[in-house]
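Numbering-wise (my numbering), the sequence shown opens with residue 4 and increments by one.
For reference, the structure discussed in these notes is given below.
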Amino acid sequence: MKTIYIMTVIGGILKWFIYQPGREWFLVVDALLCSGVWVGMAVVVSALVADQIDHDENINNVRREGIFVSLQNWIISIAGAVAVISSGLTLNLIGFEALQGAAQTEMSILSMRMILVLGTVMSAVGGYMLIKRYTPHPSNPS
C-alpha cells in the first residue's frame, strides 16, 4: 500500500504536465500511476479491516465483524457524498461555467489543475502517513 501511495504522489505531480491540450496520450501514464490506489482501497484496506476484526476478537472474545464492515461502508458512503457536494461547490467557487464548455477563463483552468494536483498528492501523502503508522497485530496462537 505504501508503494501504491508513492506511485500516486508521483502521478499526482505529473498531472500538472499531463492535463494540457495536445497531451491526450499521456493520460495512460496518469492511469498507470494513479489507478492503483482504487485497487488498494478495495483490496488492501479490506484485508486490514479483517486483521483488525481478528485482533478485536482476540482482545474481547466476541466476533463483531458486522460493526467493522458497516462502519467501513458508512465511511465510504459519507466520503462519496462529501466528494460530490464539495466538487460542485469548488467548481462554482473557482468560476467554472458549464455553459461555456471549453471556453473557460484561464484562472478557472489553472485552479482546476491546481486542485487536481494538490488533491491527489495531499490525499496520497495523508494515506501514506496513516498506513505507515499501521502495525499488524500478532495472530492468536490458540
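Even glycine gets a Cβ: it sits at the ideal position worked out from N, Cα and C.
Can you tell me whether residue 36 is buried or exposed? The criterion is at least 16 other CB atoms within 10 Å of its CB, across all chains shown. buried
For residue 64 and residue 4, the rounded distance between their alpha carbons: For residue 4 and residue 64, the gap between their C-alpha atoms comes out near 29 Å.
By DSSP, does residue 138 sit in helix, in strand, or in coil? DSSP places residue 138 in coil when its eight states are reduced to three.
Complete beta strand (DSSP E) runs within the stretch 73-133 (minimum length 3 residues, chain order): For the stretch 73-133, not a single whole beta strand (DSSP E) run of length 3 or above is found.
Taking the Cβ atom as the reference point for each residue, do residue 7 and residue 40 lie within a distance shorter than 8 Å? Contact flag set, yes.
Answer yes or no: do residue 97 and residue 111 have a C-beta to C-beta separation smaller than 8 Å? yes
Cα-Cα separation between residue 115 and residue 68, rounded to whole angstroms: 40 Å
Inter-residue spacing [alpha-carbon to alpha-carbon] between residue 45 and residue 16: 23 Å
Residue 131 and residue 56: beta carbons closer than 8 Å? no
Give every residue of the same chain whose Cβ lies closer than 7 Å to the Cβ of residue 42, excluding the five residues on either side of it in the sequence, and list them in chain order. none
To the nearest angstrom, how far is it from the Cα of residue 145 to the Cα of residue 91? For residue 145, the pLDDT reaches just 46, beneath the cut-off of 50, and the residue's location in the model is therefore unreliable, although a value from the coordinates is still provided. Taking the straight line joining both Cα atoms gives about 52 Å.
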